[in-house]
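Those letters in the sequence shown? Residues 1 to 481, by this note's numbering.
In this text, a Cβ means the ideal position worked out from N, Cα and C, and glycines have one as well.
Reviewing the structure listed below.
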Amino acid sequence: MSANQAKQEEWQPLKIGRFSCQHVLVVLMGWLVIYGLGSIFVSNPFWTETSAGADINYAHTMYLHGLLISLVGLVALAACQVFLIRSKHVRHSILGAVTAAVILATIGGIFDTHVEASFWLWIQIFSFFALDDILISLLIGFYLEWKNKSTSSRSLPFWSAMLGTVGLFLAAVMGHLAGWILEFGDFPHLIGAYARLVGEKTGDLMGNLIGSHSHLMIVALLSVLVAMSAWRFGYQALQGGPRLLARVGFWFVIVGTGVITVVYLLAGFTWIQPPTWFQSGPGGINGIASDDVISGVGIMLGGLLVLLGMILNKKGVDAKPGWLKPALVAVGTSWISLVFMVVGGGFGIELNTNIFGAGDPKAPLAAGDAVFTFLHQDYAFFLLPAVMILLLIADVYLKKSHVKTIARGMSLGVFVALVGGFVHVFLDPMVAYGAGYFLVGIGIIVIVGTTLLLIGSLRKVADVEEKEVLLSVPEAQTSRA
């Protein structure tokens, strides 16, 4: 579609025949709940590595890819709605690619349990290509909105979302290359030649790509989420102190996303690795990885400033103060919980590596470090972003009374799981069946129950819209044999 065509096209809800985007979301979200619960039978609690120094479990990692790819797909669908991307070609492309990605990534994730399972690996590889389609289509949609000078495209949230999408795509490319090396090794030999050129072995290059891929995927996703949240809940209406606070926060997010993208590209493709900062203890054993500082301060704390500005705003586009918007407060609660877990808990552990061990089983608090290794990933980097996107979907499609119930349920589940997480790591670090384990489980049960309520409410909305579409069709068309 040309820029002039897109400029003339008004934004309209996406429909495929009589079915709306809500119908697709109901099916995909319902399947993802089942798939997520299935992780209990894969590993309980779910982990990809048993400690910071352990090898990554291939089967668990590929199962997790089914969730992450699906999550990014839901984010892209919601981004089209939040930023009112008008191009139907872009939105249809994203909708089709998301459907394919979710189906292929999850089915492949169930059976892709070892490298030699080539059939199921290729099923997931096709889902990775669908993810590329999603991200490229979303970037095209952003470009068309910028070209057409839409209101959102002249805002900091828009640029944060676009930069985050670029980061997601680059992370996906690094994942493709790492997967190729894992499957085919030094073929073509250009791969090994490049590795030697940068002073690495082929296996080390693959490890660098995997590490950069996984880290960049998460932080770039957070950049997109905070941008979507800000625009959805009235960033354009901010005034005074809250506006200044949110703008400062967005500059932190944008600069942090740009810098961390460059850092992970260098770490993935060269011998250059992020140094450790704030070192202390024998041999400098304690300290925080510099990439963690950049993402923690730039994106996580920057995002916190953005959301605080949104919540403290006295009068939004709907003449309602931010603190009276349940979904916004729930998103803020989720983001604060993420900061507590990753920045508070994670940085604290890194600054006390001599006690927690970073994978050393002989360290005094090695058990807590092992729990944190999988818990901060499952809770902070997967569950909380999922909660945020579900809250955005609820706010877009549901009535305010339903949104309030869902927001309260999500906030309760997030808070209980956060408390349970800290108990699990610092007070009762049993891998399973301790006090913290059960508290986290209760929080997750509340979140899953609230998600089912959201799916049910969304289905009712979709069914009502479907009936309205059928009633609007002339009788001659509905009575055809």
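Asked                                                                                                       : Found
Between the CA atoms of L392 and N313 - distance to the nearest angstrom                                    : 19 Å
Terminal residues of the alpha helix (DSSP H) in which G53 lies                                             : Taken as a continuous stretch (DSSP letters only), G53 belongs to no alpha helix (DSSP H), as it is neither H nor E.
Which of helix, strand or coil DSSP assigns to T276                                                         : strand
Spatially closest choice to I134 from C21, G434, A172 and A330, by CA coordinates                           : A172
Cβ separation of H176 and F128, assumed to be a contact under 8 Å, to the nearest whole Å                   : 6 Å
Extent of the continuous beta strand (DSSP E) run through N354                                              : First-last for N354: T353 to F356, but that is the alpha helix (DSSP H), not the beta strand (DSSP E).
Among G443, A432 and V448, nearest to I34 - alpha-carbon criterion                                          : V448
Anticipated Cβ contact below 8 Å, V440 with G420, distance rounded                                          : 4 Å
Short Cβ contact (9 Å threshold) for G73 with A97                                                           : yes
Supposed contact pair E49 and V115 - C-beta distance, whole angstroms, cut 8 Å                              : That belief does not hold up - the Cβ atoms of V115 and E49 are roughly 17 Å apart, past 8 Å.
Secondary structure of G287, DSSP reduced to three states                                                   : strand
For K15, the residue or residues it bridges with in DSSP                                                    : S20
Proximity winner among L458, L412, S20 and L245, relative to G302 (alpha-carbon distances)                  : L245
Given 8 Å, three or more beta-carbon pairs between the stretch 408-423 and the stretch 258-271              : no
Selection from H89, S411, L28 and S118 that minimises the alpha carbon distance to V331                     : S411
Proximity below 9 Å, CB of L221 to CB of P385                                                               : yes
Enclosing alpha helix (DSSP H) for E350 [first to last residue]                                             : F347 to E350
Ranges of the alpha helix (DSSP H) found wholly within the stretch 30-102, counting only runs of at least 4 : 58-82
Pick from T333, N354 and I355 that is closest to A380, judged by C-alpha positions                          : T333
Exposed unless 16 or more other CB atoms sit within 10 angstroms - verdict on Y235                          : buried
Supposed contact pair L95 and L67 - C-beta distance, whole angstroms, cut 8 Å                               : Rounded, the Cβ-Cβ distance is 19 Å, inconsistent with contact.
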